[in-house]
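Residue numbers (the working numbering): 63 to 237.
See the structure below:
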């Protein structure tokens, strides 16, 4: 999240709609953009018990939904209120979605000896063994070239690593 800069935190008045159709002027301390709308941090006027039998003015701070629970006060500028905005994903992130974890893991077969085999999975594959060491590209390719080792087609390890193992020219005819 990014935050607008404010040299000094000075709250501004704002009307807060309370339960039971009540309305009170409170102080707006900050605003925050959330995925489902805006939240405003307001300070509601209140009283509290002080030493002895005294009563002191106090403020109760709470985050409320905007615009459901707040209304502007006429003539008040809200430009200087500290505001946190959600970071916008880049166009690439919006189109492609979240970036997948990089690396591969080898699920070893249960047999021992040469040609024991196994399966190379992407790190985030549901069939990948938990706690297996993450292999960088070169080690994943070395593992995939061992006898009896295959590449998982569920997670895309086969689609990603096969062209590197077999060469990129396959399927394009002679050049």
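Glycine is no exception: its CB is placed at the ideal position from the N, C-alpha and C atoms.
Checklist entry - Near residue 206, what residues of its chain come up, given a Cβ to Cβ distance below 7 angstroms and the 5 sequence neighbours on each side ignored? => result The residue you call residue 206 lines up with position 144 of the chain shown. Counting only Cβ-Cβ distances below 7 angstroms, and skipping sequence neighbours, we find 182, 213, 223 and 227.
Checklist entry - Are at least three pairs of beta-carbons, each pair with one atom in the stretch 119-137 and one in the stretch 73-81, less than 8 angstroms apart? => result yes
Next on the checklist: Let me confirm a value: residue 67 is counted as buried when at least 16 other C-beta atoms fall within 10 Å, else exposed. Which label applies?
Outcome noted: Walking along the chain shown from the start, residue 67 turns up at place 5. In this prediction, residue 67 has a pLDDT of 46, which is less than 50 and means its spatial position is unreliable; what the coordinates show is noted afterwards. Flag for residue 67 reads exposed.
Item to check | Counted within 10 angstroms of its Cβ, other Cβ atoms place residue 192 as buried (16 or more) or exposed | outcome: For the purposes of this step, residue 192 is taken as residue 130 along the chain shown, with counting starting at 1. By the 10 Å Cβ count, residue 192 comes out exposed.
Checklist entry - Under three-state DSSP, which class holds residue 63? => result Counting from 1 along the chain shown, the entry for residue 63 is found at position 1. Because residue 63 sits at a pLDDT of 44, beneath the cut-off of 50, its placement in the model cannot be relied upon, and the point is left open.
Next on the checklist: Less than 8 angstroms between the beta carbons of residue 120 and residue 110, yes or no?
Outcome noted: Within the chain shown, the letter at position 58 stands for residue 120. Within the chain shown, the letter at position 48 stands for residue 110. In contact: residue 120 and residue 110 (Cβ atoms closer than 8 angstroms).
Checklist entry - Are residue 153 and residue 187 closer than 8 angstroms when you measure CB to CB? => result Mapped onto the chain shown, residue 153 falls at position 91. Mapped onto the chain shown, residue 187 falls at position 125. Against a cut-off of 8 angstroms, the Cβ pair of residue 187 and residue 153 comes out as no contact.
Checklist entry - Hey, would you say residue 103 sits closer than 8 angstroms to residue 125, going by beta carbons? => result Locating residue 103 in the chain shown gives position 41, counting from the first residue. Locating residue 125 in the chain shown gives position 63, counting from the first residue. A contact, by the Cβ cut-off of 8 angstroms.
Checklist entry - Looking at C-alpha atoms only, which residue of 81, 165 and 116 is the closest neighbour of residue 203? => result The residue given as residue 203 occupies position 141 in the chain shown. Per the Cα distances, 165.
Next on the checklist: On the DSSP bridge list, what partners appear for residue 197?
Outcome noted: Here residue 197 refers to the residue found at position 135 of the chain shown. BP columns for residue 197 point to 166.
Item to check | Outcome for residue 219 when other beta-carbon atoms lying within 10 angstroms are tallied against a minimum of 16 | outcome: Translated into the one-based positions of the chain shown, residue 219 becomes position 157. Buried, because 16 or more other Cβ atoms sit within 10 Å of the Cβ of residue 219.
Checklist entry - Which first and last residues belong to the alpha helix (DSSP H) in which residue 225 is found? => result What you label residue 225 is simply residue 163 of the chain shown in a count that begins at 1. 219-228 is the extent of the alpha helix (DSSP H) around residue 225.
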